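S.K.: Provided herewith is a single structure, encoded as structure tokens, for subsequent inquiry.
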Amino acid sequence: MKYSETLLDHFKKPRNQGVIKDADAVGEVGNIKCGDIMKIYIKVDKDKEVIKDVKFETLGCAAAIAASSALTELAKGKTFDQALAITKDDVVAHLGGDVPAVKYHCSILAEEGLQSAITNYKNKEK
Amino acid sequence: MKNIYYDNAATTKVDDRVIAEMIPFYTEHFANPHAVHSQGQIALDAVEKARETVAKFFNCENQEIIFTAGATEGNNIAIQGVVNKFKENIHIICSAIEHPSVLETCREMKKRGVKIDYVPVDENGVVLVGKLQKLIKSNTVLVSVMYANNEVGSVQPIKEIGELIKTENEKRDKKLPLYFHTDAVQAVNYLDCDVSELNCDFLTMSGHKINGPKGIGAMFIKKGVKFSPVQFGGHQEFGVRPGTANVPGIVGLAKAIELISSEGKANFKKVKKVRDKLVKEISKIDNIKINCDLSTSLPNILNVSFLKAEGESILMMLDMEGIAISTGSACSSGSLEPSHVLSAMGRKPEWSHGSIRISLSKFNSEVEVAVFIKALSVVIEKLRKMAP
């Protein structure tokens with residue numbers, strides 16, 4: 033198994049890593065049993081339903097950290113509709129496309145993490 | 297920056313003295329040792345001299361040593377060989393913490409109708425002999441327990457198991473013997489490998505784990521043990537392992553073994569000292585767990601878990617600092633399952649996912665420890681900060 037340069041770059045210098053203290057919603061996916069936990073924080077422009085800011089905290093392997101980082105880059109500035117359309121394949125493509133097969137679940141986790149944050153936001157606003 | 301190599305349980309650097317012994321068998325004495333001409337005979341003499349060196353180390357007869365391509369091949373010859381011999385309605389026991397070359401071979405044998413049982417280990421990764429005894433049935437033909445574990449370094453009660461099997465055999469009809477196989481790959485460097493003491497029927501080892509070359513190994517097969525060869529061809533290695541002998545490899549393996557005979561005790565002390573220093577320093581990091589009983593385990597393996605830091609990420613970050621270690625985390629295995637060894641020891645997933653293995657050799661020094669600990673502390677802090 034070998035990681036691509038792009039993936040390693042995201043691992044070495046993760047984008048948008050950290051906490052949004054006054055986040056409008058948080059999504060948490062994964063579990064300790066499988067080894068990966070991903071927490072996605074979002075700050076929302078309420079009128080436009082746009083993701084103004086997004087940050088992540090991840091416990092996991094290099095691919096999980098890189099996928100979280102890639103996801104935040106993809107999600108930032110997007111409308112909910114655009115953000116919900118982000119798939120695991122988009123995450124993989126953003127990481128240079130060359131993600132080892134056994135690591136695909138990390139990008140699924142990223143996709144689900146963002147969806148969970150948006151769902152939590154919508155439920156709260158109801 | 298100088299690299300630090302802490303992955304010696306995976307493979308080791310070849311000792312210069314081993315290489316020096318090997319080279320003439322590539323450049324000058326390259327003839328086929330199975331040829332009758334005198335050039336071939338020089339190679340043959342070297343092979344037989346090497347066999348004598350290895351036999352002396354394991355305290356057995358020369359004819360009881362077979363040169364193989366490594367322990368994976370040896371393990372296959374032992375396990376498949378016994379299964380092929382006794383075929384119908386047979387039962388095998390192996391430990392839950394065996395190397396994949398034993399576990400996967402057993403799994404394949406299961407597909408062929410052999411019943412398999414796995415003997416559990418205690419929290420320190422040591423086989424429970426009482427449980428093993430209970431698993432032995434009248435149709436058990438083979439017990440396979442490694443001498444020392446490659447992931448955590450736990451040393452198994454091989455002599456005790458050998459005695460147990462000897463006693464079982466005394467009660468048995470000679471037609472269906474119970475054999476004992478031990479994968480001694482990690483043990484050869486540091487533990488007593490006198491097969492008459494261990495009471496084993498098969499013992500396997502690899503050259504590349506003992507500062508010897510890759511692609512060569514040796515196995516002990518006790519005289520009179522019944523098994524069927526799994527490979528066919530010429531009649532080399534008493535028909536057990538046909539194929540032209542890897543003469544440079546064999547010569548190199550024997551040299552590596554000779555070096556253990558003369559320097560093994562000093563190396564034991566040396567690596568233990570480095571290991572102990574590592575333990576002392578790593579223990580200063582909070583939320584860690586050492587995955588072994590260090591008073592009884594191999595001196596060169598240190599397996600430690602960090603809470604809230606994932607093993608593969610630790611490995612990758614250390615790699616960026618030029619440090620090579622390995623991990624038992626699920627993410628590096630390709631199967632997404634955490635280490636079967638740590639699981640068998642009852643380690644919870646949150647601990648096994650954060651495990652790393654540091655494995656030393658005679659080439660590691662105390663000086664490296666400070667560099668390593670500094671890098672490790674930064675990495676753990678960084679990863680824990682990233683974790684939710």
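Just so you know, the protein sequences line up as chains D and W, in that order.
For the first sequence, position 30 (counting from the first letter as 1) is numbered 62 according to our numbering, and the numbering increases by one without interruption.
For the second sequence, position 22 (counting from the first letter as 1) is numbered 318 according to our numbering, and the numbering increases by one without interruption.
Each residue gets a CB set at the ideal place from its N, CA and C atoms; glycine is no exception.
These numbers come from a predicted model, not from an experiment.
1) Thinking C-alpha only, which one of W:Gly539, W:Ile584, W:Met515 and W:Met682 is nearest W:Glu357?
2) Just checking my contact of D:Asn181 with D:Phe88 at CB under 8 Å: how many whole Å lie between their CB atoms?
3) Around the C-beta of W:His531, are 16 or more other C-beta atoms found within 10 angstroms, so that it is buried, or is it exposed?
4) So which residues of chain W does D:Ile150 contact, with C-beta pairs closer than 7 Å?
5) Excluding sequence positions up to five away, which residues of its chain have a Cβ less than 6 Å from the Cβ of W:Phe474?
6) Going by DSSP, which residues form a beta bridge with D:Ile72?
7) Please classify W:Asp488 as buried or exposed, where buried requires at least 16 neighbouring CB atoms within 10 angstroms.
8) If you run the structure through DSSP and keep just helix, strand and coil, what is W:Asn599?
9) What does the alpha-carbon distance come out to for the pair W:Ala666 and D:Asp56?
10) For the segment 369-382 of chain W against the segment 429-444 of chain W, do three or more pairs of beta-carbon atoms, one drawn from each stretch, fall closer than 8 Å, so that the two count as touching?
11) If the cut is a Cβ gap below 8 Å, which residues of chain D does W:His649 touch?
12) Taking the C-alpha atoms as reference points, what is the distance between D:Gly128 and D:Glu37?
13) Under 8 Å Cβ-Cβ, which residues of chain D neighbour W:Pro684?
14) Which value, in whole angstroms, describes the spacing of the CA atoms of D:Glu143 and D:Ile118?
15) Provide the residue span of the beta strand (DSSP E) that contains W:Thr500, from first to last.
16) Check the C-beta distance from W:Cys390 over to W:Val379 and give it rounded, since I have them as a contact under 8 Å.
17) Give a yes or no on whether 7 Å exceeds the smallest Cβ distance from D:Ala115 to chain W.
18) Of the residues that make up the segment 604-615 of chain W, which ones have a beta carbon closer than 7 Å to any beta carbon in chain D?
19) Could you check the C-alpha separation between D:Lys135 and D:Gly62 for me, to the nearest Å?
20) In chain D, what lies closer than 8 Å to W:Ser625 by C-beta?
21) Tell me which residues of the segment 38-50 of chain D have at least one Cβ-Cβ distance to chain W shorter than 9 Å, keeping chain order.
22) Does chain D have any CB closer than 7 Å to the CB of W:Glu617?
23) Counting Cβ pairs closer than 8 Å, one from the segment 583-591 of chain W and one from the segment 600-612 of chain W, do we hit at least three?
24) W:Val423 to W:Pro453, Cα distance in whole Å?
25) Per DSSP, which one or two residues make a beta bridge with W:Ile619?
26) At a CB-CB cut-off below 7 Å, which residues of chain W make contact with D:Ile97?
27) Please list, in chain order, the chain D residues whose beta carbon lies closer than 7 Å to that of W:Glu646.
28) Identify, in the order they occur along the chain, each residue of the same chain with its Cβ nearer than 6 Å to the Cβ of D:Cys138, setting aside the five sequence neighbours on each side.
29) Buried or exposed: which applies to W:Phe528, given that a residue is buried once 16 or more other Cβ atoms fall within 10 Å of its Cβ?
30) Helix, strand or coil: which one does DSSP assign to W:Gly513?
31) What number of angstroms, rounded off, separates the C-alpha of W:Ile361 from the C-alpha of D:Pro46?
32) Would you call the segment 407-426 of chain W and the segment 539-556 of chain W touching, i.e. three or more CB-CB distances under 8 Å?
33) Determine, using beta-carbon pairs with one atom in the segment 74-87 of chain D and one in the segment 308-319 of chain W, whether at least three such pairs fall under 8 Å.
34) With DSSP collapsed to three states, give me the class of W:Ser692.
M.R.: The answer reads as follows:
1) The shortest Cα separation from W:Glu357 among W:Gly539, W:Ile584, W:Met515 and W:Met682 belongs to W:Met515.
2) A question about residue 181 of chain D goes unanswered here, because the residues of chain D that appear run from 33 up to 158.
3) exposed
4) Per Cβ cutoff of 7 Å: no residues; D:Ile150 is ~18 Å from chain W at best.
5) Note that residue 474 of chain W is Leu in the sequence shown, not Phe. Here the set comprises Thr436, Ile461, Glu464 and Asn465.
6) D:Gly59 and D:Phe88
7) exposed
8) Per DSSP, reduced to three states, the secondary structure at W:Asn599 is strand.
9) Rounded to whole angstroms, W:Ala666 and D:Asp56 show a C-alpha spacing of 44 Å.
10) yes
11) What W:His649 touches in chain D: Ile64 and Gly67.
12) 8 Å
13) Near W:Pro684 (Cβ distances below 8 Å), the residues of chain D are Glu60, Ile69, Met70, Lys71, Glu89, Thr90 and Leu91.
14) 7 Å
15) Phe498 to Ser502
16) At roughly 12 Å, the Cβ-Cβ gap does not stay under 8 Å, so W:Cys390 and W:Val379 are not in contact.
17) No, no contact with chain W.
18) Lys604, Glu606, Glu608, Ser609 and Met612
19) 14 Å
20) Gly67 and Cys93
21) Leu40, Phe43, Lys44, Pro46, Gln49 and Gly50
22) Contact with chain D is absent for W:Glu617, since none of that chain's Cβ atoms lies less than 7 Å from the residue's Cβ.
23) yes
24) Taken atom to atom, the span from the alpha-carbon of W:Val423 to that of W:Pro453 is near 7 Å.
25) W:Ile300
26) Ser609 and Met682
27) Ile64
28) Ala95, Ala96 and Ala99
29) exposed
30) W:Gly513: strand per DSSP, three-state reduction.
31) W:Ile361 and D:Pro46 have their C-alpha atoms roughly 54 Å apart.
32) no
33) no
34) Outside the displayed span of chain W (297 to 684) sits residue 692 of chain W, for which this structure offers no information.
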